Structure formats: structure tokens, C-alpha cells
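In what follows, a single structure is set out as C-alpha cells and then discussed.
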């Protein structure tokens, strides 16, 4: 089981990753340059992987998000 401080830190990271995921999705949708669209989409996928890792860690530690 995580300490309260660790849990709060990971929850803050989850919130940040969700925000970044949304932002890069918006940037990809708004970009007119295909290379930028691809870059923003790739970064968005990275943010999704980060988010999944954090949520999986919370589940495995017994702290469901």
C-alpha cells in the first residue's frame, strides 16, 4: 500500500498526463502541417502510455484510481 504522500503524487501525475494527452490531441487536430499533426499524435500516444503505466501501478498497488 502506498503512503498518502506517494498516492497524492501519483494522482497528480495522472492528472497531468490526462491534461497533456488532451492538449496534444487538440494540437494534432488544429495543426495544418502533416508533419506537426504526426508529431503531436505521436506525443499524445506517449502520454497515453504514461497514463496507462501510472493507472496500472495504482491498481497493482491496491490504490484504484
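In our numbering, the protein residues as written are 781 to 845.
Every residue gets a Cβ at the ideal spot worked out from N, C-alpha and C, and that includes glycine.
In this text, all values refer to a predicted model and were calculated from it rather than measured experimentally.
Across the set 784, 783, 796, 785, the C-alpha of 796 shows the shortest separation from the C-alpha of residue 834. Residue state for residue 795 is assigned as helix, using DSSP reduced to three classes. In the DSSP assignment, residue 781 falls outside any alpha helix (DSSP H), carrying neither H nor E. For residue 819, same chain residues with a beta-carbon under 6 Å away, outside a window of 5 residues either side, do not exist. Remark: C-beta atoms of residue 827 and residue 800 approach each other more closely than 8 Å.
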